[in-house]
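Undergrad:
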Amino acid sequence: MIDPFIYTGLPARVIFGPGKRRELPAEVERLGASRALVISTPEQRGDAEMAAGLLGNRAAGIHAGAVMHTPMETVHEARRVAAELSADCYVTVGGGTAIGLGKAIALDSEMPVLALPTTYAGSEMTTIQGFSEGGVKTTKLDSRMLPKTVIYDPELTLTLPPSYSGPSGMNAIAHAVEALYGEHANPITSLIAEEGIRALGVGLPKVCAAPDDLAGRTYALYGSWLCGIALGAGGMGLHHKLCHVVGGSFDLAHAPTHTVILPHAMAYNAPAAEAAMARVCRALGAESAPQAVYDLIGAIGAPLALKDIGMPEDGLNRATDLAVQNPYYNPRDVTRDGIRQLLDDAFHGRRPAA
Ligand code: NAD
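Next comes the structure, spelled out in structure tokens:
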């Protein structure tokens with residue numbers, strides 16, 4: 171039995187494969203542009219220089235000004251630099267932080283944005299983006315933010331250390347898991363999500379054991395792309411809400427927060443999301459989806475407990491209060507007692523029950 175559904179495919183041209191960054195000049199030209207401003211974080215200026223080198227005389231300059239949480243000042247500054255250099259397109263190189271700046275620029279600009287992701291965050295496939303202005307964070311949903319072209323070159327991820335590669339890949343798996351039971355889940359997004367989890371289940375252990383294993387990197391990046399599509403089209407639930415609350419209120423790192431919370435959010439939702447959990451089991455070759463995810467985290471040496479990533483124990487009650495306010499769509503009712511227990515399990519890093 172297939173229930174009626176709506177599937178909205180998001181437009182993006184994707185070029186995938188080792189070495190494909192060399193297609194960058196041709197892809198810029200294909201967008202009708204000839205002067206690209208290359209954007210990165212300060213830490214990844216080297217990657218921005220690499221992209222500018224590939225672009226040759228199609229590079230207008232480099233702006234290594236992307237920072238966490240996309241402050242609006244950085245958006246205005248990037249646009250000012252682009253105008254000063256007479257740029258006619260943007261190339262963003264990096265993880266969710268650099269990609270986020272490109273998305274913010276695209277929201278209110280005629281100039282096309284092309285993305286070269288270097289982590290597994292998957293933000294380049296979603297129409298959602300957080301901004302900060304005057305200390306206040308807001309989230310916008312708008313399809314204009316999607317990059318016109320995305321080049322996934324697994325060689326660009328070779329420098330991502332295993333200590334961040336593992337959590338970043340788990341961040342991607344979290345996108346796919348929630349897309350499986352999200353508000354807009356449908357047979358197409360579920361196919362994509364399941365394949366994304368499978369690919370990351372193969373790739374992440376290889377990447378974390380041998381960071382220069384290009385085959386593992388390729389699987390992981392392919393999986394992260396799929397998980398990004400799934401999130402963008404399928405939606406999110408309790409897990410993302412908890413990560414936004416806990417990460418935002420206690421200033422915890424993005425990908426490690428997703429890593430720790432995921433098995434516990436899954437255990438909470440499992441009774442109300444049996445078909446989704448069955449797909450996760452099939453993707454990971456396991457019998458219990460929350461346990462399989464917990465064991466994968468352990469196998470790749472990623473963090474398992476909130477107490478190990480900077481969460482104060484006396485913050486658990488406040489986190490619970492915040493998490494039950496304005497809950498996101500979720501397959502299971504969100505109760506205060508249930509969330510307090512979930513966060514306690516995540517704080518101590520307990521293995522979820524089957
Ligand atoms: P990030 O982009 O902040 O990168 C983490 C650090 O790793 C940075 O210093 C970066 O320069 C460095 N780095 C990235 N790639 C590297 C590489 N290949 N080699 C060496 N260093 C590298 O981290 P992230 O996890 O990719 O993104 C997190 C941000 O993205 C958060 O702000 C999150 O909210 C956002 N995000 C948004 C969405 C969405 O759909 N809107 C989805 C996922 C994440």
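Sequential numbering from 171 applies to the sequence shown in our numbering.
Where a beta carbon is used, it is the ideal one built from N, C-alpha and C, also for glycine.
Being a predicted model, the structure only gives us computed values, none of them experimental.
1. Identify whether T327 lies in helix, strand or coil by the three-state DSSP scheme.
2. One question on the structure: do L180 and S302 come within less than 8 Å of each other, judged by their Cβ atoms?
3. For T429, which of helix, strand or coil comes out of DSSP?
4. In or out: H239 buried (at least 16 other Cβ within 10 Å) or exposed?
5. Is A459 helix, strand or coil by DSSP?
6. Does the ligand NAD have a heavy atom nearer than 7 Å to the CB of A220?
7. Look at A182 and I209 and say whether their C-beta atoms are less than 8 Å apart.
8. Specify whether the stretch 474 to 493 and the stretch 509 to 516 touch according to this definition: at least 3 beta carbon pairs, one from each stretch, less than 8 Å apart.
9. Under 7 Å: does the beta carbon of T327 sit that close to some heavy atom of the ligand NAD?
10. Tell me where the alpha helix (DSSP H) around K376 begins and ends.
11. Sort A435, A221 and P497 by Cα distance to F517 and report the nearest one.
12. Would you mind reading off the limits of the beta strand (DSSP E) that contains L396?
13. Cβ of S293 within 7 Å of any heavy atom in the ligand NAD?
14. For A379, tell me which candidate among I275, G468 and P426 has the shortest Cα-Cα distance.
15. Heavy atom of the ligand NAD less than 7 Å from the Cβ of Y334, yes or no?
16. For the putative contact between E201 and T319, defined by C-beta atoms under 8 Å, what is the C-beta separation to the nearest angstrom?
17. Is T296 near the ligand NAD - that is, is its Cβ less than 7 Å away from at least one heavy atom of it?
18. Sort out for me which residues DSSP pairs C413 with in a bridge.
19. Using only CA atoms, which one of Y464, M406, C451 and F420 lies nearest to L432?
TA: On the basis of the supplied data:
1. helix
2. no
3. helix
4. With fewer than 16 other Cβ atoms within 10 Å, it is exposed.
5. helix
6. Sequence inspection shows Met at residue 220; the Ala mentioned does not correspond to that position. Checking every heavy atom of the ligand NAD against the Cβ of M220, none is found closer than 7 Å.
7. No.
8. yes
9. yes
10. P357 to A379
11. For the residues A435, A221 and P497, the minimum Cα distance to F517 belongs to A435.
12. No beta strand (DSSP E) contains L396, which is instead part of the alpha helix (DSSP H) from L384 to G404.
13. yes
14. A379 has its Cα closest to that of G468, out of I275, G468 and P426.
15. Yes.
16. Rather than Glu, the amino acid found at residue 201 in this sequence is Leu. Sure, about 7 Å apart at Cβ, within 8 Å.
17. Result yes, Cβ under 7 Å from the ligand NAD.
18. Paired residues: none, contrary to the question.
19. Out of Y464, M406, C451 and F420, Y464 has the C-alpha closest to the C-alpha of L432.
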